[in-house]
Amino acid sequence: MKPRSILIGAASALAIAGAAQAGTITVVSWGGSYTTSQVEAYHKPWMAKTGHQIISEDYNGGLAEVKAQVEAGNVTWDIVDVELSDAVRGCDEGLFVGIDPSILPAGADGTPAAEDFVPGALSDCAVGTIVWSTAVAYDHTKLTGVEKLGDFFDLQKFPGKRGMRKGPKANLEFALIADGVPVDQVYEVLSTPEGVDRAFAKLDTIKDSVVWWEAGAQPPQLLADGEVVMTTAYNGRIFSAMAGEGKPFTILWDGQVWDLDLWAIPKGAPNQDLALDFLVFSTDTQRLADQAAWISYGPVRKSSNPLVGSFHDKPDLAMGPHMPTAPENFKNALQNDFEFWADHQDELNERFNAWLAK
Amino acid sequence: MTDATFRGPLLAADGTPLKRKLEQALFTSRMRALGLVAPLLAFILAVFIIPIVYFMIQGLHNPTYENYMPRSAAALQAWDGRSPVTEDMAAAMVADLIASRDAKTIGNVATRVNQEHPGARSMFTGTARKADRMQAPFLDALVEEDKGWGRIEVWQAIKVAATTWTPAYYLAALDLQFRGDGSVVWQDADRRIHIPLFLRTLEISLTVTITCLLLGFPVAWLLANIKLRAANLLMILVLLPFWTSILVRTTAWIAMLQGQGVVNDLMSFTGVNFVILQILLLFRDYDALGVASLCGNDVNAVLATPDATLASLAAQASEIRTRCADALVIAFQQNGVDAAVAKATELKAAAARWGYGDERFSMIYNKMGTIVAMTHILLPFMVLPLFSVMKTIPPSYMRAAKSLGATDWTAFWRVYFPQTVPGIGAGALLVFILAIGYYITPALVGGQDGQMISNIIDFHMRRSLNWSLAAALGGVLLIFVLFLYWLYDRIVGIDNMKLG
């Protein structure tokens, strides 16, 4: 090799070493106002503190892309925001690396991490960030007197179209709660064939009036366009439309179905150490509380709750009452049972699709 | 000359036999031709044929269980699927559960079995967590941990999952269930979804093809028969949407057709919707459309404030002009308020079935939305082949037919139309085959009854992660399309097709 090319080789090796010092990680999340809240509360402070870069990518949930990357041995994502059911399933199937919860710092008030997080937020391969919820929302300039989940299914009292997510998850739970099943018995009832029949029978009563949505951004749009008078929706999306665009929406908290979102690191991620550092940074007490200034999803650390303030550009809009975890909203809430859905989603999806097509 | 010259083979100038020389020359030219198409052939093989064969095999071949649970897979293969579960099978199962949990593969196994038996997932992961503490007899220990282990149909489902080469996915794609004892039965009635979806896919594709032909034929004729300048301008109008993103065109239809969209607003503003309803009224469900068009307000009023409305309706009963208001009053007078409200609900539901409510037509998020948007998107694929064929038909043929005494219609039907058949064949086949695999448009505007089979394939690819079933569904679709192609060849003849 000529001396010249050795020099070039050494220079490029140096350049690569330099790049490793200021690394870049790819953070994947759900897009829209949710990703904005993460960028403001996690990404920017982490980049400022460490000097590393973050590439933010959007996806639409599910494990398909992660599975494809891991199986092909070509992983480009470093850290992914997943739902609890996917976190557990992906962990069982060896798609995510295990995370030892002892690396997480204690809460700002000194509570050890293991006690600070709400139950379920520390799983074998993932660490929780937010509590989000599927609830019913309506336009209060068009409807008044909506009080309980049963009203969503009452076409006589509240005529007009309904929006629902195209899938059995949460909808079957809503149907049973509206049919009078107490929230703590919903999954017990739904585990029996009669319970499933009962849920579908309840859905039958409004089937002709339902507009089905798929992406989380659709329901606020359907409400704003007047396509529906009431819709199930992710509470943060409705809040963003209310706070950001001044839409006259109200969330009915009765019978909300809540779930967790967590960070997980795909097996074989190119920058695992940086990703882990980002994960630890973004799930500390202050960061989780900061995120709540951008979107109305509840922090999973109990120690973050006292630090939750007001909406980022509206100091008089306190975020507390808009959180799914606020005591007033949490009275009749149901936690999504990931174990039940992991077991029965194939069967219930088929049944739901067959029911839709009928 | 000597006899040998005539008896021996003909020789070329260099002395080799002419026949072999000719073969050599042909061989080189054949090789040269092959060399020219080789990149294309390699490309097609690598990105088309091999992946298709691979996915069709994936629909038959799923080694997950056998890979991770080899001992119990062997024990289950030896089992006939009917006799009682033996202790040996249970012992092999426990040993595999322990090994699989240690290797962190239990989730894959559990997911695989859960495809065959809903609920088996938590049974597997739950039992695996405690398997290393189990003592013989293992069958009793398993049943004690989860009652599911005591049911023979669970073991039959595991046997199906343990079979690496299995027809189960292709059968599932046809709404059939493959049982562990080798029998094949129909899927439960309320879970049968694939055959109806295949039929609907066929129905939507045929409808789109026919509407494309009806709309595209006159356009192509016009393009081929007007002055060049005007034809060029028209051609751009055909091509412009063709160059626009499919997502943009699909979402544009949402803005046009939705309940509060442009078309509904216009119809409602001009009163056209009432005219359309009156026309539909002539040959459709009188009650349903009648209530929507003529006394929708009465029905809504009855539903909102039953007592007051019914009282006032009854008071002016003699002046009532419409059948539905009449029906409400009769129900009220004979059976009371509740009966009238029930009647109103029934009438409103009937109106909704016809896609009409609140003075608006439902034209999107249903089968109609899918058909309209797909027709618009696929129209150029019909117009272009038709145009290229029509362009080659000399106008003198029509003049000749007419000079021989044919009427306009006869000249068109007997002389012009038969010459366009190659274009119709090409356009129809192109549109139909594109339509049958259509995915993004039905996903966006299909609602509940406008979904096609590709949407279910997508669901299994991205959501349920059941790639084997997705592969089997894709395989069935491919076989179906090849069958249609064969049928087309038999009936019309593929040689008659002309793409340009």
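Line by line, the protein sequences are chains A and B.
Using our numbering, read the first sequence as starting at 1 and increasing by one per residue.
Using our numbering, read the second sequence as starting at 1001 and increasing by one per residue.
For each residue, glycine too, the CB sits at the ideal point set by N, CA and C.
- Those residues of the stretch 1106–1117 of chain B placed with their C-beta closer than 8 Å to a C-beta in chain A are ILE1106, GLY1107, ASN1108, ALA1110, THR1111, ASN1114, GLN1115, ordered along the chain.
- For the stretch 320–353 of chain A, the set of positions with a beta-carbon nearer than 9 Å to some beta-carbon of chain B reads GLU339, PHE340, ALA342, ASP343, HIS344, GLN345, ASP346, GLU347, LEU348, ASN349, GLU350, ARG351, ASN353 in chain order.
- Cα atoms of GLN1258(B) and PRO1380(B): separation of roughly 24 Å, rounded to the nearest angstrom.
- Taking 8 Å as the cut-off, the Cβ atoms of GLY180(A) and TRP213(A) do not count as close.
- Only those residues of the stretch 1451–1466 of chain B whose C-beta falls short of 8 Å from the nearest C-beta of chain A are listed: GLN1451, ILE1456, PHE1459, MET1461, ARG1462, ARG1463, SER1464, LEU1465, ASN1466.
- Counting along the chain, LEU1010(B) sits inside no alpha helix (DSSP H), nor does DSSP assign it H or E at all.
- When Cβ pairs closer than 8 Å are counted between the two stretches, the stretch 1110–1121 of chain B is seen not to touch the stretch 1131–1142 of chain B, the count staying below three.
- Close to chain B, meaning a Cβ-Cβ distance shorter than 9 Å, are the following residues of the stretch 76–103 of chain A: VAL88, ARG89, GLY90, CYS91, ASP92, GLU93, GLY94, LEU95, GLY98.
- Inter-residue distance for GLU227(A) and TYR297(A) is about 26 Å (C-alpha atoms, whole angstroms).
- With a threshold of 16 other beta carbon atoms within 10 Å, TRP1467(B) meets it and is buried.
- Three or more beta-carbon pairs separated by less than 8 Å are not found between the stretch 1475–1490 of chain B and the stretch 1063–1074 of chain B, which leaves the two stretches without contact.
- By the rule that beta-carbons nearer than 8 Å mark a contact, ILE1377(B) does not touch chain A.
- Boundaries for PHE1459(B): no beta strand (DSSP E) harbours it, while the alpha helix (DSSP H) harbouring it runs 1453–1462, taken from the DSSP string.
- Between LYS142(A) and ALA243(A), the alpha-carbon positions lie close to 19 Å from each other.
- Taking a Cβ-Cβ cut-off of 9 Å, the neighbours of SER1122(B) in chain A comprise GLU339, PHE340, ALA342, ASP343, given in sequence order.
- DSSP places GLN1260(B) in no alpha helix (DSSP H); its state is neither H nor E.
- At a cut-off of 8 Å between C-beta atoms, PRO1137(B) does not count as an interface residue with respect to chain A.
- In the DSSP assignment, LYS314(A) falls within the unbroken beta strand (DSSP E) covering 314–318.
- In the structure shown, the three-state DSSP call for PHE152(A) is helix.
- Exclusion of the five residues before and after ILE130(A) leaves ASP261, TYR297 as the residues of its chain whose Cβ lies within less than 6 Å of its Cβ.
- In terms of beta-carbon proximity, ILE1193(B) lines the interface with chain A, with at least one pair separated by less than 8 Å.
- Remark: C-beta atoms of ILE1330(B) and VAL1445(B) do not approach each other more closely than 8 Å.
- The DSSP-derived three-state label of GLY163(A) is strand.
- Chain B has a Cβ within less than 8 Å of the Cβ of GLU227(A).
- Taking a beta-carbon distance threshold of 8 Å, GLN156(A) counts as an interface residue toward chain B.
- When the alpha-carbon of ILE99(A) is set against those of ILE265(A), GLY120(A), LYS247(A), the nearest one is in ILE265(A).
- Taking a C-beta distance under 8 Å as the contact criterion, SER303(A) and GLY128(A) do not qualify as a contact pair.
- For LEU63(A), the residues of chain B that pass the 8 Å Cβ criterion are LEU1465, in the order they occur in the chain.
- Rounded to whole angstroms, the separation of the alpha carbons of ARG237(A) and ALA217(A) is 7 Å.
- Taking a beta-carbon distance threshold of 8 Å, LYS1402(B) does not count as an interface residue toward chain A.
- Using beta-carbon distances, ASP1449(B) counts as an interface residue toward chain A, with a partner under 8 Å.
- For LEU356(A), the residues of chain B that pass the 7 Å Cβ criterion are GLN1448, in the order they occur in the chain.
- Here LYS267(A) has VAL70, VAL75, GLY94, LEU95, PHE96, VAL97 as same chain residues with Cβ atoms under 8 Å from its own Cβ, once five neighbours each way along the sequence are excluded.
- For LYS1147(B), the nearest beta carbon of chain A is not closer than 8 Å to its own beta carbon.
- Put simply, the CB of TRP212(A) is near chain B, with a gap under 8 Å to one of its CB atoms.
- Pairwise C-beta distances place the stretch 1452–1460 of chain B out of contact with the stretch 1411–1426 of chain B, as fewer than three of them are shorter than 8 Å.
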